[in-house]
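Letter by letter, the sequence shown follows residues 36 to 1075 of the numbering used here.
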Amino acid sequence: MDQAQLVRYLEDPHAAEDWLRSLGVGDCRRAHSNLVSLSENGLTLDLLAAIGDQLAEHLPHTYRSDRVMQHLARFTAASRNPLALGSLLERDRGALPVLLRILSTGPFLTNRIIRDPESFDLLRLTDGQAVDRATLVDEITAELKAVHNDDSLAAARLERFRDRETLRIAYGELVHDLALSTVTRQNTHLADALCEAALRYTWQELEKRRGRPLRATGAPARFAVLGFGKLGGEELGYSEPLEILFLCDGDGKSDGPRPLETSEWFERLARAFLSLLTAQSTASAPILQMHLHLHPPGHDHRLVNTLESALHHYDVAGRTWERQAYVKARLVAGDRSLGAEVLDELQPWVFRRYLNRADITGIRALKRRLAQRLLRSSEAVLNLQTSPGGSHDLESIVQFLQLLNGGTFSPLRTRNTLNAIEQLKATQCLTPEEGSRLRDNYVYLRTVEHRLQIFFDVESYSLPKQNSERQQLAALLAPADRAGLAATDQLENELQLRMEENRRTLTHLLDEAFEEDVDSATEFDLVLDPQPDANSISSVLSPYGFQDVQNAYDRLIDLSTERIPFLSTRRCRHFLATIAPPLLSAIAATPDPDQTLDNLCNVSDSLGGKGVLWELFNFHPPSLKLYVRLCASSRYLSRILTSQPGMIDELLDSLLVDRLPSMESLEDTLAELCHGPTDIEPMLHSFKDVYHLRVGVRDLLGKESVKDTHRALSDIAEVCLGQVTERQYYRLTERHGEPTIPDGANGERICELVVLAMGKLGGREPNFHSDLDLVFLYEADGHSVHRGRARRDKTTNQHFFSLLGQRILKNITQRGAHGRLYELNTRLRPTGPHGGLAVSFAEFGDYFATGKATFAERQAICKARPIYGSSQARSAAADAVSQAILNSTWTSAEAAGIRQSREHLEASANRQNLKRGPGGTMDIEFVVQMLQLRFAREFPQILTTGTLDALAALRDAGLITASDAAYFDESYRFLRRVESGLRLMETSARHDLPDQDFELYCLAYLLGIDDPTELKRQFHYYTRENRHRFDRLFDAAENR
């Protein structure tokens, strides 16, 4: 083209139109504007004319001619010396085709070369050829050496280096058809170099301010960046985020003027490293994208793992997916010895030669997860990575085969997918046909993926939606004689064919890979799946009645994680996965599955050793159901477990020991616990909690009668009272001496205390949380004596035993760090409410013999039972109680008085009250006590303190019909069982049948009654019938 013609084209767009169309452009107006821009940006007419001739030769064959013309104008304008550029293009006729090829790609490359026009010179020099890793590291670190305390400048230089080298790599792939393995290795070398340079820069900057990080020995501490996934496998494309993990050693401090703990030093280093590489110094994307999702848990959100903690985590809690990830692990930057140390240490863990049960479970779950991915339906828009049979499936299953066979065949311990396929062929884990097919398909998919990223979108893995772009992609991949729609159809068919071929091959490989002989329930796999999607979580958990399925999943994973560092989370997770279906089914059967699971997590966390529980439930399913019931309905037992962490052994005993504790075993256990410590309060509370747990568990199971449950609770209370009484007695004797009474010719002997249990404790029928009614008796009046030493602070027996009673009362009822042991009542005092707590046998007998006792007090001693003292002293106290009853007179007015007392108690109660409401348990107790007082003189054998035993005695004596006795026994057991359920639930109203439907549902569930309405029906039946029989028996007593 001569200059005159060029001038005419520049001045007259219409004159230039034919020439511009010959260049292959579609928009002549915009193309003319770009031509003018080239002229105005400093190109002389002769240079522009020469370039025009080259454009006429090359532009018609260039993809996206319009855009290329525009990008050429932008590139020229951005050049530092457009005149020199024009001279180069005129002089070197191979330069413009290279530039046009780059400018014909998408914004991924064009923006890079336009931002840094000088990179074109580097591109021409290297011609897209491969560069080794060490050279790249040396070049970029040299550029950063001159940067001091200027993160923005450092980021700009890193970004420019990234752009220049990416141009080189992409050019080599596009122009010279570099092999996929070369391209991905070059991309990985570039990422390594950027990471190494950034680490060295941030290290030197931090070292200037805070000194060198040291180990406790004074040796330099080490830091490494490990790479995983495509980074680890040296197979990076153009846009994958880097999967990394930070690792350090050293437990010392830095040696600067403002030293830091070494761990904190490295934490700051990691943050600075990430900040530098993920910075956006221009309008482009971050220099590198980073993912730290392989970070082991339990480090308080810290970025850096110590060598010791990482190795510990993988040893006790490492999961199969983490082992799979470590198939590709390698050192990316930092201390090579530290990287080699951790990878060498973990290699036997990754490639296990012998598999334990948890390993087998994890591998089978991983296999099913991979197989499930292959079975998912194809997407409307084909995704080269994530669609079934895509590159992600292929990489994952190759890693699975490496994981499965790498313990036996060491050549399989390679990080690169293509190398792994070759080694799988060589070790006959793949047939030659399978290996070749997978290799060819993988290379094809990754090549198409690279073209998509270079020409369309740096983060694209899906085919373009627009037909025009699909045609362009097909043209880039197809020979020149196959263009247009035919090539587009062929490309799509080729991709679908290859991905379907992958799917079939991979499915076959999985089917053959590992024998499947365990339950493959979806619940099982959900526990073992490291990253299930929301749909999977919902589809598995929604059928179990959870309102918040994501929270339910989070709590399920909490159950799979041991909180105690030295316990194996891997083992815990395995056994939880094994019991997941029955566990979730049991939770679904509770009134509120969400609340049950939350409470189950809280209780389990407090126990420690969750894996032991899950293993027990695996072999003993009834224990699982009981544990769920406990967590779902018994706030009291749950609180025992959460308030005293580490009660795993006690819970296991409760679940497995098939009997209630005897009085003798309780006494021996508590005596051993209290032997030695000065302060026995923690031991008493722990003892009570442990045995209430055991009794409560058996109550939930329904394995004990109400009578036996009450007997055990009574024994626990008696043993605690006995231990406190013994301890306080000996402390009091140190101050006041021993209480004595005259003993005829023998002089003096020790005066004994007898503790008289009243009410529910006297009848050996207390429930959980029942108050304890006590009377303190001593044998006779006298004074205290110090043996072997003279002391002035002697006292009377009455004062001594009243002080002792006060101390017992204080120790048991005071609210300390562990709460209150029991509530005590000492209302029955013959000397009046303001008199001493303790009375002598004689004073007690006189009080009843002289008629001073109220009728309510005479009724109360029907349940009096000595629970502390020597057998001789207790026998004497029991005789005094019997005489107090036998010596009382009986008239029909007494029956009316008892009935009036019952009505008074009823007046202040809710009609739903199981105890004081109409027909409640008091109706039965008052009938029994009325009959005992009425017939005791004639039938002394009926004087037994327990309500159920007394009913049997009254029946045997013919004082109550067998029908009434049997009915009252049944009714009493039912109402006390319901009361026990309320106590275990810790409802605010401890005796009232709940009004609210949900609480009633919970109570019915705890009692094992399917329908809450059935519970209400039984309650109304028994209370109505109780009152009917109560009235009949009292009417008969009053009319005699």
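C-beta atoms are modelled at their ideal positions from N, C-alpha and C, and glycine is treated no differently.
Where do the ends of the alpha helix (DSSP H) carrying residue i lie?
| i | result |
| --- | --- |
| residue 592 | 584-594 |
| residue 1000 | 997-1020 |
| residue 1042 | 1032-1042 |
| residue 879 | 876-884 |
| residue 504 | 502-512 |
| residue 210 | 186-210 |
| residue 872 | Per DSSP, residue 872 belongs to no alpha helix (DSSP H) and is neither H nor E. |
| residue 783 | Looking at the DSSP string, residue 783 is not in any alpha helix (DSSP H); the run it does join, the beta strand (DSSP E), is 783-785. |
| residue 909 | 906-921 |
| residue 423 | Per DSSP, residue 423 belongs to no alpha helix (DSSP H) and is neither H nor E. |
| residue 692 | Segment: none, residue 692 is in no alpha helix (DSSP H) and carries neither H nor E. |
Leaving out the 5 sequence neighbours to the left and right, which residues in its chain are closer than 6 Å to residue i when beta-carbon positions are compared?
| i | result |
| --- | --- |
| residue 913 | 901 |
| residue 67 | 48 and 51 |
| residue 113 | 149 and 152 |
| residue 515 | Bear in mind that a pLDDT of 44 at residue 515, under 50, signals an unreliable position, so the number given afterwards is only what the model happens to contain. Closer than 6 Å at the Cβ level, and outside the excluded window around residue 515, lies no residue. |
| residue 1068 | 962 |
| residue 427 | 420 and 421 |
Assuming residue i contacts residue j (C-beta within less than 8 Å), just tell me the rounded distance between them.
| i | j | result |
| --- | --- | --- |
| residue 277 | residue 261 | Residue 277 to residue 261, Cβ: 11 Å. No contact. |
| residue 450 | residue 269 | 7 Å |
| residue 802 | residue 1059 | Not quite, the Cβ-Cβ distance comes to about 23 Å (not below 8 Å), so this is no contact. |
| residue 1079 | residue 404 | Since the displayed the chain opens at 36 and closes at 1075, residue 1079 lies outside it and no answer follows. |
| residue 818 | residue 832 | 7 Å |
| residue 921 | residue 975 | 7 Å |
| residue 643 | residue 681 | 5 Å |
| residue 562 | residue 608 | 6 Å |
| residue 474 | residue 456 | 5 Å |
Excluding the five sequence neighbours on either side, which residues of its own chain have a C-beta within less than 7 Å of the C-beta of residue i, listed in chain order?
| i | result |
| --- | --- |
| residue 460 | 467 and 470 |
| residue 308 | 233, 234 and 237 |
| residue 739 | 695 and 733 |
| residue 621 | 659, 660 and 663 |
| residue 1071 | none |
Take residue i as the anchor and find which of the options has the nearest alpha-carbon.
| i | options | result |
| --- | --- | --- |
| residue 343 | 360, 314 and 373 | 373 |
| residue 208 | 705, 186 and 163 | 163 |
| residue 283 | 305, 294 and 265 | 305 |
| residue 545 | 874, 925, 187 and 409 | 409 |
| residue 161 | 130, 505 and 141 | 130 |
| residue 381 | 371, 603, 369 and 357 | 357 |
| residue 673 | 636, 684, 849 and 696 | 636 |
| residue 1016 | 732, 490 and 178 | 732 |
| residue 639 | 179, 57 and 599 | 599 |
| residue 185 | 271, 109, 790 and 310 | 310 |
| residue 847 | 919, 930, 797 and 723 | 723 |
| residue 97 | 137, 86, 905 and 179 | 137 |
| residue 452 | 264, 886 and 303 | 264 |
| residue 400 | 226, 564 and 815 | 564 |
| residue 836 | 872, 581, 862 and 46 | 872 |
Starting from residue i and walking both ways along the beta strand (DSSP E), at which residues does that stretch end?
| i | result |
| --- | --- |
| residue 774 | 773-777 |
| residue 365 | 365-369 |
| residue 261 | 258-263 |
| residue 340 | 339-341 |
| residue 710 | Here residue 710 belongs to no beta strand (DSSP E), and DSSP marks it neither H nor E. |
| residue 819 | 818-820 |
| residue 283 | 277-283 |
| residue 903 | 900-903 |
Ordered along the chain, which non-local residues of its own chain (more than five positions away) have a Cβ less than 8 Å from that of residue i?
| i | result |
| --- | --- |
| residue 21 | Lying before the first or after the last residue shown, residue 21 is absent from the chain, which here runs from 36 to 1075. |
| Segment contact flag, the stretch 1005-1013 with the stretch 956-975, C-beta cutoff 8 Å, min 3 pairs | yes
| message | Does the stretch 776-785 come into contact with the stretch 894-911, if we say contact requires no fewer than three beta-carbon pairs (one atom in each stretch) closer than 8 Å? | response | no
| Within the chosen definition, does the stretch 280-291 reach the stretch 215-232 through at least 3 CB pairs nearer than 8 Å? | They do not touch, by the three-pair rule.
| query | With a cut-off of 8 Å, do at least 3 Cβ pairs link the stretch 739-748 to the stretch 793-811? | reply | yes
| said: Below 8 Å, how does it come out for the stretch 1038-1052 and the stretch 975-993: are there three or more Cβ pairs, yes or no? | reply: As far as the Cβ criterion goes, the stretch 1038-1052 does not touch the stretch 975-993, which means the pair count is below three.
| query | Does the count of Cβ pairs from the stretch 584-597 and the stretch 630-650 closer than 8 Å reach three? | reply | Result yes; three or more Cβ-Cβ pairs closer than 8 Å.
| query | Does the stretch 617-631 come close enough to the stretch 654-668 to have 3 or more Cβ pairs within less than 8 Å? | reply | yes
| task | Assess, as a yes-or-no matter, whether the stretch 710-723 is touched by the stretch 836-853 under the definition of 3 or more beta carbon pairs within less than 8 Å. | result | yes
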